[in-house]
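Following: one structure in structure tokens, then a few remarks.
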Amino acid sequence: AQKVTQTQTSISVVEKTTVTMDCVYETRDSSYFLFWYKQTASGEIVFLIRQDSYKKENATVGHYSLNFQKPKSSIGLIITATQIEDSAVYFCAMREGTNSAGNKLTFGIGTRVLVRP
Amino acid sequence: NAGVIQTPRHKVTGKGQEATLWCEPISGHSAVFWYRQTIVQGLEFLTYFRNQAPIDDSGMPKERFSAQMPNQSHSTLKIQSTQPQDSAVYLCASSVGLGGRGQDTQYFGPGTRLLVL
Numbered sequence: 175a176q177k178v179t180q181t182q183t184s185i186s187v188v189e190k191t192t193v194t195m196d197c198v199y200e201t202r203d204s205s206y207f208l209f210w211y212k213q214t215a216s217g218e219i220v221f222l223i224r225q226d227s228y229k230k231e232n233a234t235v236g237h238y239s240l241n242f243q244k245p246k247s248s249i250g251l252i253i254t255a256t257q258i259e260d261s262a263v264y265f266c267a268m269r270e271g272t273n274s275a276g277n278k279l280t281f282g283i284g285t286r287v288l289v290r291p
Numbered sequence: 063n064a065g066v067i068q069t070p071r072h073k074v075t076g077k078g079q080e081a082t083l084w085c086e087p088i089s090g091h092s093a094v095f096w097y098r099q100t101i102v103q104g105l106e107f108l109t110y111f112r113n114q115a116p117i118d119d120s121g122m123p124k125e126r127f128s129a130q131m132p133n134q135s136h137s138t139l140k141i142q143s144t145q146p147q148d149s150a151v152y153l154c155a156s157s158v159g160l161g162g163r164g165q166d167t168q169y170f171g172p173g174t175r176l177l178v179l
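Chain order of the listed sequences is G and B. Those letters in the first sequence? Residues 175 to 291, by this note's numbering. Those letters in the second sequence? Residues 63 to 179, by this note's numbering.
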């Protein structure tokens with residue numbers, strides 16, 4: 175069964191600095207897809223960035239980037255030049271790709287990030 | 063473009079009553095997913111549809127929970143004889159499809175917060 179683990183419960187950083195969050199996953203599939211979502215204080219869940227397992231290059235979108243280390247089953251999220259509005263809970267999620275039951279997302283427990291002035 | 067729409071945003075029911083939650087996916091999206099979020103269990107998959115057909119309901123409690131998608135513009139999650147442990151935020155998500163190249167990215171609605179007294 176697939177499993178996603180986020181070990182950092184909360185992180186506090188100063189505005190304009192870089193924050194890094196960890197995520198490790200377990201899967202038997204050779205093809206899988208990794209996602210990061212952000213949940214704001216209002217409860218809204220927003221898609222940020224994804225990494226497909228067959229891609230070697232780390233994904234980058236705006237000030238979000240990923241550190242994909244396939245041999246370690248690790249997909250870290252890096253946020254550079256943080257802003258106050260980056261304060262949120264960040265979820266790592268995985269989708270296995272080989273059958274219909276794999277289309278669901280399995281989530282980690284989330285990492286709460288506080289960006290302070 | 064409108065995102066995923068969920069109604070109602072908040073619902074309070076008495077124990078034993080029925081609750082029906084509504085979801086309108088993003089126009090043109092063929093896959094619709096239901097998740098539940100609680101403090102204890104985090105984000106959990108419930109069920110999903112593709113082109114209105116139920117594909118995987120492995121996360122649905124076997125009793126009292128049912129989901130339907132009568133047309134491409136809405137899905138419902140019905141909980142019969144609600145219990146206090148059903149209290150949660152119920153989230154609907156949709157994706158263009160289930161293939162790669164980003165089609166499978168799920169976009170979430172604002173959720174329905176259900177409180178069973």
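Quick reminder that beta carbons are idealized off the backbone N, C-alpha and C, glycines included.
- Taking the CA atoms as reference points, Ser156 (chain B) sits about 9 Å from Phe111 (chain B).
- Taking every protein chain shown into account, the CB of Arg71 (chain B) has fewer than 16 other CB atoms within 10 angstroms, so this residue is exposed.
- Contacts with chain G (Cβ-Cβ distance below 7 Å) from the stretch 160-179 of chain B involve Leu160, Gly162, Asp166, Thr167, Gln168, Tyr169, Phe170, Pro172, Gly173, listed in chain order.
- Close partners of Phe265 (chain G) in chain B (Cβ separation under 9 Å): Gly104, Leu105.
- For the pair Gly282 (chain G) and Val178 (chain G), the CB atoms are nearer than the 8 Å cut-off.
- Under a criterion of Cβ atoms nearer than 9 Å, the residues of chain G adjacent to Phe95 (chain B) are, in order, Asn277, Lys278, Leu279.
- Across the stretch 218-238 of chain G, CB contacts with chain B closer than 9 Å involve Glu218, Ile219, Val220, Phe221, Arg224, Asp226, Tyr228, in sequence order along the chain.
- For chain G, the residues of the stretch 117-132 of chain B that bring a beta carbon within less than 8 Å of one of its beta carbons are Ile117, Asp118, Ser120, Gly121, in chain order.
- Rounded to whole angstroms, Asn133 (chain B) and Ala64 (chain B) show a C-alpha spacing of 18 Å.
- Beta-bridge partners assigned by DSSP to Lys278 (chain G): none are found.
- Secondary structure note for Arg126 (chain B): it is in no beta strand (DSSP E), with a DSSP letter that is neither H nor E.
- Taking 8 Å as the cut-off, the Cβ atoms of Arg286 (chain G) and Glu189 (chain G) do not count as close.
- Judged by their CB atoms, Val178 (chain B) and Gln145 (chain B) are nearer to each other than the 8 Å cut-off.
- Within the same chain, and ignoring the five residues on either side of Leu288 (chain G) in sequence, the residues whose Cβ sits closer than 8 Å to its Cβ are Ser184, Ile185, Ser186, Val187, Ser261.
- About 14 Å separates the beta carbons of Phe265 (chain G) and Thr167 (chain B), which is beyond the 8 Å limit, so they are not a contact pair.
- Beta-bridge partners of Gly250 (chain G) (DSSP): G:Asn241.
- Within chain G, the C-beta atoms nearer than 7 Å to that of Tyr110 (chain B) come from Asn277, Lys278, in chain order.
- DSSP places Glu80 (chain B) in the coil class of the three-state scheme, outside both helix and strand.
- Closest in C-alpha terms to Ile88 (chain B), from the list B:Ile67, B:Trp96, B:Gly78, B:Thr75, comes B:Ile67.
- Note that the C-beta distance between Lys140 (chain B) and Thr75 (chain B) is not below 8 Å.
- Burial of Lys278 (chain G) is indicated by the presence of at least 16 other C-beta atoms within 10 angstroms of its C-beta.
- When 9 Å is used as the limit between beta carbons, Val158 (chain B) is near no residue of chain G, the shortest such separation being about 12 Å.
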